[in-house]
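Take a look at the structure below.
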Amino acid sequence: MRSSLSYLRWPLIVTVVGIALAAWLGYRFTDSTTGAVSFFMIAVVLAILEISLSFDNAIVNANKLKEMTPKWQRRFLTWGILIAVFGMRIIFPLLIVVIAAHIGPLAAIRLAATEPEEYSRLIHEAHLPIAAFGGAFLMLVALSFFFDQSKDVDWIGKIERALRRAGSVRGMEVGFVLVIILLFVWLLPVRDEQLFMYSAMWGIVTFLAVDALGHVLDRWGQAQDAARGTAQVGLGGFLYLEVLDASFSFDGVIGAFALTQNLFLIAIGLGIGAMYVRSMTVMLVERGTLAEFRYLEHGAFWSILILSIIMFGQTMWHLPEVVTGMLGAIFIGAAFINSVMWNRRHKGQALH
Numbered sequence: 279m280r281s282s283l284s285y286l287r288w289p290l291i292v293t294v295v296g297i298a299l300a301a302w303l304g305y306r307f308t309d310s311t312t313g314a315v316s317f318f319m320i321a322v323v324l325a326i327l328e329i330s331l332s333f334d335n336a337i338v339n340a341n342k343l344k345e346m347t348p349k350w351q352r353r354f355l356t357w358g359i360l361i362a363v364f365g366m367r368i369i370f371p372l373l374i375v376v377i378a379a380h381i382g383p384l385a386a387i388r389l390a391a392t393e394p395e396e397y398s399r400l401i402h403e404a405h406l407p408i409a410a411f412g413g414a415f416l417m418l419v420a421l422s423f424f425f426d427q428s429k430d431v432d433w434i435g436k437i438e439r440a441l442r443r444a445g446s447v448r449g450m451e452v453g454f455v456l457v458i459i460l461l462f463v464w465l466l467p468v469r470d471e472q473l474f475m476y477s478a479m480w481g482i483v484t485f486l487a488v489d490a491l492g493h494v495l496d497r498w499g500q501a502q503d504a505a506r507g508t509a510q511v512g513l514g515g516f517l518y519l520e521v522l523d524a525s526f527s528f529d530g531v532i533g534a535f536a537l538t539q540n541l542f543l544i545a546i547g548l549g550i551g552a553m554y555v556r557s558m559t560v561m562l563v564e565r566g567t568l569a570e571f572r573y574l575e576h577g578a579f580w581s582i583l584i585l586s587i588i589m590f591g592q593t594m595w596h597l598p599e600v601v602t603g604m605l606g607a608i609f610i611g612a613a614f615i616n617s618v619m620w621n622r623r624h625k626g627q628a629l630h
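In this note's numbering, the protein residues as written are 279 to 630.
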């Protein structure tokens with residue numbers, strides 16, 4: 279079995295290169311050692327922020343990856359990291375500015391490099407629709423787990439059993455999210471109601487479309503020969519994970535602008551964090567950690583549910599990103615501790 283340090287080889291390499299690049303970038307922008315140190319520290323904080331916000335993402339990814347073929351696992355962990363780092367940490371913020379300012383991509387890059395304050399303002403103006411879309415999508419991700427009739431392990435017993443019983447009603451998770459959306463529409467200022475509802479509806483539609491596409495690809499694959507079939511099942515899972523990764527990235531990308539308006543520094547810091555999240559995902563899959571710790575997956579999905587509510591709440595109130603990270607860490611930490619305690623009480627018994 280691989281050592282824990284072997285999983286950190288590439289993240290550590292990227293960290294060294296990234297923070298060195300961040301320091302160089304700081305010196306070039308400010309022409310001072312103080313600026314270099316400042317950029318260095320911000321890159322470190324951004325990496326830690328990304329890891330704290332995305333640990334639950336790693337757990338969910340590992341849960342899906344263990345059902346995929348080795349070939350598609352490798353594709354997700356190679357192509358997926360390129361999409362996660364370059365797509366969501368660089369291209370996505372640029373697209374926001376391109377759409378909001380009605381300018382071309384090259385003009386957006388120049389704006390990010392020469393007028394970071396204006397670039398940041400445009401990003402923050404797009405926060406409401408992003409939060410509404412991501413909140414709706416992630417809430418459905420969490421509720422799909424808790425409403426699953428085949429789930430036979432409960433962590434927070436009474437609540438999770440009640441949610442599973444509610445899941446016997448077809449479409450209940452969508453109805454639940456719609457009620458939450460209507461509640462926030464009622465609370466929001468009139469000027470924001472339409473944009474919030476429109477964006478949240480697209481979050482629901484995207485989740486349902488990705489989920490349906492995954493099922494179609496799975497059925498199609500099962501009708502083909504074995505080699506063809508495993509590839510199609512892997513493709514469905516790959517698409518699902520990419521959209522899920524994108525939704526998780528919304529919060530981190532927007533939150534990063536609270537620390538710096540420099541697009542390139544944000545890409546470096548969040549990119550470093552994304553590498554650690556990928557490595558955690560690989561370790562969870564290869565070591566079977568989810569099976570070893572009975573409630574860890576439950577803690578991750580509770581963390582996702584809380585994150586989705588926070589994203590909705592951020593459309594009205596400013597909530598520090600540290601709060602999001604701490605709440606997620608509390609749920610996952612509690613689930614880990616409860617899993618260890620359960621293992622000690624039931625030593626030698628099957629975990630599931």
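In this text, a Cβ means the ideal position worked out from N, Cα and C, and glycines have one as well.
Exercise. CB-CB under 6 Å to F590, same chain, minus the five flanking residues each way: which ones, in chain order?
Worked result: What you label residue 590 is simply residue 312 of the sequence shown in a count that begins at 1. The residues are G413, F462.
Problem set entry | 8 Å Cβ cutoff, S586 in contact with chain D | Chain labels in this structure do not include chain D; a single protein chain is all it has.
Exercise. For R442, which of V457, V431, D426, W433 has the nearest alpha-carbon?
Worked result: Here residue 442 refers to the residue found at position 164 when the sequence shown is read from its first residue. Of the candidates V457, V431, D426, W433, the one whose C-alpha sits nearest the C-alpha of R442 is D426.
Exercise. Considering only residues of the same chain and omitting the five flanking positions on each side of E396, which have a CB-CB separation below 8 Å?
Worked result: Locating residue 396 in the sequence shown gives position 118, counting from the first residue. Around E396: L389.
Problem set entry | Rounded C-alpha distance that separates I550 from T293 | Position 272 of the sequence shown, counting from 1, holds the residue named residue 550. Position 15 of the sequence shown, counting from 1, holds the residue named residue 293. Roughly 6 Å separates the two Cα atoms.
Exercise. Should F318 be labelled buried (16 or more other beta-carbon atoms within 10 Å of its own) or exposed?
Worked result: Here residue 318 refers to the residue found at position 40 when the sequence shown is read from its first residue. With 16 or more Cβ atoms within 10 Å of its Cβ, F318 is classed as buried.
For this session: Ignore the nearest five residues each way along the sequence and tell me which others in S316's own chain have a CB closer than 8 Å to its CB.
Result: Residue 316 sits at position 38 when you count from the first residue of the sequence shown. The answer, listed in chain order, is G304, T308.
Exercise. Any idea what DSSP makes of E395, helix, strand or coil?
Worked result: By 1-based counting over the sequence shown, the position of residue 395 is 117. E395 carries a helical assignment under DSSP once its states are collapsed to helix, strand and coil.
Exercise. Alpha carbon to alpha carbon, what distance is there between Q472 and L562?
Worked result: The residue labelled residue 562 in the question sits at position 284 within the sequence shown. The residue labelled residue 472 in the question sits at position 194 within the sequence shown. Each residue's alpha carbon lies about 41 Å from the other.
Exercise. Fully enclosed by the region 421 to 479, which alpha helix (DSSP H) runs are 4 residues long or longer?
Worked result: 435 to 444, 450 to 465
Problem set entry | Spatial neighbours of Y573 in its chain, beta-carbon cut-off 6 Å, leaving aside the 5 residues before and after | As a first step, residue 573 is located in the sequence shown; it is residue number 295 there, counting from the start. For Y573, where only same-chain residues beyond five positions count, the Cβ hits under 6 Å are W433, A613, N616, S617.
Exercise. Thinking just about the alpha-carbon of each residue, which of F609, A444, F354, L290 is nearest to the one in Y518?
Worked result: Stepping through the sequence shown from its first residue, residue 518 is reached at position 240. Looking at the Cα atoms, F354 is the closest of the given residues.
Problem set entry | Three-way DSSP call (helix, strand, coil) for Y518 in this model | Along the sequence shown, read from residue 1 onward, the residue named residue 518 stands at position 240. Of the three classes helix, strand and coil, the one that applies to Y518 here is helix, per DSSP.
For this session: Compute the distance between the beta-carbons of W464 and F411, then report whether it is under 8 Å.
Result: Within the sequence shown, numbered from 1, the residue matching residue 464 stands at position 186. Within the sequence shown, numbered from 1, the residue matching residue 411 stands at position 133. Their beta carbons are not under 8 Å apart, which means W464 does not touch F411 by this criterion.
Problem set entry | First through last residue of the alpha helix (DSSP H) which encompasses W580 | Residue mapping note: residue 580 aligns to position 302 of the sequence shown, counting from 1. Element bounds for W580: 574 to 591.
Problem set entry | Same chain, Cβ closer than 6 Å to L605, five either side skipped, listed in chain order | Sequence index remark: in the sequence shown, residue 605 carries index 327 (1-based). Hits under 6 Å: I584.
Problem set entry | Selection from H402, F609, A386 that minimises the alpha carbon distance to H596 | Taking the first residue of the sequence shown as 1, we reach residue 596 at position 318. For H596, the nearest C-alpha among the options comes from H402.
For this session: Output the boundary residues of the alpha helix (DSSP H) element that contains T293.
Result: Numbered from 1 along the sequence shown, position 15 holds the residue referred to as residue 293. Per DSSP, T293 belongs to the alpha helix (DSSP H) from 287 to 308.
Exercise. In this structure, does DSSP put H380 in helix, strand or coil?
Worked result: Working through the sequence shown from its first residue, we reach residue 380 at position 102. Correct three-state label for H380: coil.
For this session: Could you tell me the distance, in whole angstroms, from the CA atom of M417 to the CA atom of V447?
Result: As a first step, residue 417 must be located in the sequence shown, where it is residue number 139. As a first step, residue 447 must be located in the sequence shown, where it is residue number 169. Straight-line Cα distance between these residues: approximately 18 Å.
Problem set entry | From A420, F474, I337, L466, residue whose alpha carbon lies closest to that of M450 | For this step, residue 450 is matched to residue 172 along the sequence shown. Taking only the C-alpha atoms, the option nearest M450 is A420.
For this session: Assign W302 to one of two classes, buried (16 or more other C-beta atoms within 10 Å of its C-beta) or exposed (fewer than that).
Result: Along the sequence shown, read from residue 1 onward, the residue named residue 302 stands at position 24. Exposed.
For this session: Could you round the C-beta distance between N339 and T559 to whole angstroms and report it? I think they count as a contact, below 8 Å.
Result: Sequence index remark: in the sequence shown, residue 339 carries index 61 (1-based). Sequence index remark: in the sequence shown, residue 559 carries index 281 (1-based). Indeed they touch by this definition, with Cβ atoms about 5 Å apart.
For this session: Please work out which residues of its chain come closer than 6 Å, Cβ to Cβ, to V452, disregarding the five sequence neighbours upstream and downstream, and give them in chain order.
Result: For the purposes of this step, residue 452 is taken as residue 174 along the sequence shown, with counting starting at 1. Nothing listed; no residue qualifies.
Exercise. Cα-Cα, which of V494, L548, S586, F571 is closest to R622?
Worked result: As a first step, residue 622 must be located in the sequence shown, where it is residue number 344. Nearest of V494, L548, S586, F571 to R622, Cα basis: F571.
Exercise. Could you give the distance in angstroms between the alpha-carbon of K429 and the alpha-carbon of L522?
Worked result: The residue you call residue 429 lines up with position 151 of the sequence shown. The residue you call residue 522 lines up with position 244 of the sequence shown. Cα to Cα, K429 sits roughly 21 Å from L522.
For this session: For A649, name the three-state secondary structure that DSSP assigns.
Result: Since the displayed the chain opens at 279 and closes at 630, residue 649 lies outside it and no answer follows.
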